[in-house]
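J.: The structure follows.
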DNA sequence: TTTATTATCAACTATTCATTGATAATCTGA
DNA sequence: TCAGATTATCAATGAATAGTTGATAATAAA
């Protein structure tokens, strides 16, 4: 016996006045109504109704139980319908973790338009380039760049991320434009410290090759800084186009060795489960999908 | 799935922090705990917990549900333990219907001692000589005198009720003391209007016999009045000893034709059901049983 | 890496559920 | 007063569910 159903049955019987009418209203057989009430009485070890075949009369215990059971049922209904709304309407606080450079440049319009479309959703955006544990730190979604290794998490591809080698025209004029990957060993590399490039990429081999003088490289864990440095003529940077694209378009940077461009990575939205996903999360994933275009607008520099 | 059990399981999981500890506390298997929580999520169509094999994290929906579910469970526990107390301790209002003459003379000590023994029980005593419908009128117990015809009600015999013919010594001196039932037709009968005597009783035949002059009888629906009238010498009354007993003992009345005394009737406590009887009712029945003695104290007139 | 812990899945049996038809008790209207 | 209608409950049956055990995958700690 489901005690909530039994309570609801008893309350309906009291409100309707007879077992049969209660059965009609609840869409069940009178026999079942009778059984439920009996079982409830059995469970409580209290007689709730004095019943003849014609009339029902509440006992003192029944009166008291009816009153409070009605309240409890209302509470449960409230509670469940509140959860239902949460599911249906996309409400609540959406906690997002995102990479620093990408977020500062490209997230604002996405979030702004998403909130216009989903007024019930609040957003808490935490910028972080380390790999956060979304469960442990309570994130609904983490945006990540790279080739994802498998895990128990779900990853939805949001946009491609191209990496291009680039330097300022002035730098190239002074140091020469590399025509072959081998030439890179003679250049100053503006290196991103978290970069985890696939070793099979030709460009990577030359940038990491032991023949180079690593002591003269510039290293940062922030891509923006490296791109700004490249613009200022400090060397050659291998950075995503979502950072360098606009500078390239404006002519402040020039793509180097385009024919050796590494395989593109991707921006992923990572979340915990596929089933019973909160509506706010589902909506955000769907909203992000294709938002940046394909190819994304920051790649329109050529 | 019992939703209340499922709610309780979920709340315990959240409070204990792991499924396994919750299972220990609830005395069930971890598999079952897992199943319950899953079914609850299924039912609500909301993910309540983000779980890895090592740690649990509440979702936003889960946080809100946990808070309210805990409240609901408390309400239910309160409600049920209140009913339990009602059952265990004998509390509440006990509504009793009783015959007028009996109650005015003999109920006070019973009720008073019962309340001393059961301080939680209030008493509402309604005096009435008609046959009340205890369910319809909301009585817990009706005291009735007579030979009860069968019904769906339960009747517990509390005390024997003897009926004796009696008259004042002065009346008998003036009109003669009947030695045989036939003599009764020459006397004035003080008749109780609700009297439903078994027609097989010898005395009854003579009192109702057509040879008598009924026009000279006195009729009342109150036995006290008839007994008082008998004391005043108005005639012969057939009344219960619980009314006439004290007057007989004091010599104000004299028993007539004792060898023709009708079969005794009884005082019954009538109530609706035997099962799941409210504790206040059960206690009262038990308390009444034998309270008046056997034979009852009012029969000690001989 | 190995071991221990944890949640979950899968399969299986005992139990419970919900239905149907039958019955007893009451009420209603002639 | 008596048949017909209504009502609650009982009993029996097949369907669905509950709760168990053993196995598995994932993670944390040693």
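Protein chains in written order, with this note's numbering: chain R, 1 to 302; chain P, 1001 to 1302.
For every residue, glycine included, the Cβ atom is placed at its ideal position computed from N, Cα and C.
Here the structure is a predicted model, which is why all the values come from computation and not from measurement.
Rounding to the nearest angstrom, what Cα-Cα distance links residue 240 of chain R and residue 1052 of chain P in this structure?
T.: 33 Å
J.: If you measure from the beta carbon of residue 70 of chain R to each beta carbon in chain P, is any gap under 8 Å?
T.: no
J.: Closest to residue 1006 of chain P by CA distance: which of R/1, R/8, R/9 and R/10 is it?
T.: R/1
J.: Got a sec: is the Cβ-Cβ distance from residue 1079 of chain P to anything in chain R below 8 Å?
T.: So, interface residue.
J.: According to DSSP, is residue 1235 of chain P part of a helix, a strand, or is it coil?
T.: coil
J.: For residue 250 of chain R, count the other beta carbons within 10 Å of its own beta carbon; 16 or more makes it buried, fewer makes it exposed. Which is it?
T.: exposed
J.: For a cutoff of 8 Å on Cβ pairs, would you count residue 200 of chain R as touching chain P?
T.: Caution is warranted here: a pLDDT of 47 is assigned to residue 200 of chain R, below 50, making its placement in the model unreliable, and no coordinate value can be reported.
J.: Which residue's Cα is closest to the Cα of residue 277 of chain R: R/54, R/190, R/229 and R/90?
T.: R/90
J.: Where does the unbroken alpha helix (DSSP H) through residue 1100 of chain P begin, and where does it stop?
T.: 1100-1117
J.: Could you tell me the alpha carbon to alpha carbon distance between residue 1107 of chain P and residue 1120 of chain P, rounded to whole angstroms?
T.: 19 Å
J.: Pick out the complete alpha helix (DSSP H) segments inside the segment 54-97 of chain R, 4 residues or longer, and give them in chain order.
T.: Those alpha helix (DSSP H) runs which fall completely within the segment 54-97 of chain R and span 4+ residues are 60-89.
J.: Let me check one thing: in DSSP terms, what residues is residue 1156 of chain P bridge-paired to?
T.: P/1269
J.: Please classify residue 1129 of chain P as buried or exposed, where buried requires at least 16 other C-beta atoms within 10 Å of its C-beta.
T.: buried
J.: According to the neighbour-count rule (16 or more other Cβ atoms, all chains shown, within 10 Å of its Cβ), is residue 1067 of chain P buried or exposed?
T.: Exposed: under 16 other Cβ atoms inside 10 Å.
J.: How many angstroms separate the CA atom of residue 1112 of chain P from the CA atom of residue 1135 of chain P?
T.: 25 Å
J.: Please list, in chain order, the chain R residues whose beta carbon lies closer than 7 Å to that of residue 1065 of chain P.
T.: 79 and 83
J.: Are the segment 1252-1264 of chain P and the segment 1157-1176 of chain P in contact at 8 Å, needing three or more beta carbon pairs?
T.: yes
J.: I need the straight-line Cα distance from residue 122 of chain R to residue 94 of chain R, nearest angstrom please.
T.: Cα to Cα, residue 122 of chain R sits roughly 6 Å from residue 94 of chain R.
J.: Give me the chain P residues within the contact set of residue 273 of chain R, using Cβ-Cβ distance strictly less than 8 Å, ordered along the chain.
T.: 1047 and 1050
J.: Under a three-way DSSP split, which group does residue 302 of chain R fall into?
T.: Coil, per DSSP.
J.: Under the three-state reduction of DSSP, which class applies to residue 26 of chain R: helix, strand or coil?
T.: helix
J.: With a cut-off of 8 Å, does the C-beta of residue 1012 of chain P fall near any C-beta of chain R?
T.: no
J.: What span of residues does the alpha helix (DSSP H) with residue 172 of chain R cover, start to end?
T.: 169-175
J.: Using the three-state DSSP reduction, which class does residue 1282 of chain P fall into: helix, strand or coil?
T.: The answer is helix: DSSP assigns residue 1282 of chain P an H, G or I state.
J.: Excluding the 5 residues flanking residue 1144 of chain P on each side, which residues of the same chain have their C-beta closer than 6 Å to its C-beta?
T.: 1268 and 1270
J.: Using a Cβ-Cβ cut-off of less than 8 Å, give me the residues of the segment 7-31 of chain R that come near chain P, in sequence order.
T.: So the list is empty, because no residue satisfies the distance condition.
J.: Tell me whether residue 1134 of chain P sits in a helix, a strand or coil according to DSSP, three-state version.
T.: Coil, per DSSP.
J.: Is it right to say residue 1181 of chain P is buried, meaning 16 or more other beta carbons lie within 10 angstroms of its own, or is it exposed?
T.: Its Cβ being crowded by 16 or more others within 10 Å, residue 1181 of chain P is buried.
J.: Between which two residues does the beta strand (DSSP E) harbouring residue 146 of chain R extend?
T.: 141-146
J.: Under 8 Å, Cβ to Cβ, is there at least one residue of chain R near residue 1125 of chain P?
T.: no
J.: Measuring CB to CB, does residue 56 of chain R end up less than 8 Å from residue 18 of chain R?
T.: yes
J.: With 16 other CB atoms within 10 Å as the buried threshold, where does residue 1188 of chain P fall?
T.: Answer is buried; the Cβ neighbour count reaches 16.
J.: Looking at the unbroken beta strand (DSSP E) that takes in residue 255 of chain R, where does it start and where does it end?
T.: 254-256
J.: Nearest CA to the CA of residue 139 of chain R: which residue from P/1050, P/1141, P/1280 and P/1039?
T.: With distances taken between Cα atoms, residue 139 of chain R lies closest to P/1050.
J.: Could you check the C-alpha separation between residue 173 of chain R and residue 191 of chain R for me, to the nearest Å?
T.: 21 Å
J.: Within a Cβ cutoff of 6 Å, which residues of the same chain sit near residue 118 of chain R, ignoring the five residues on either side of it in sequence?
T.: 90 and 283
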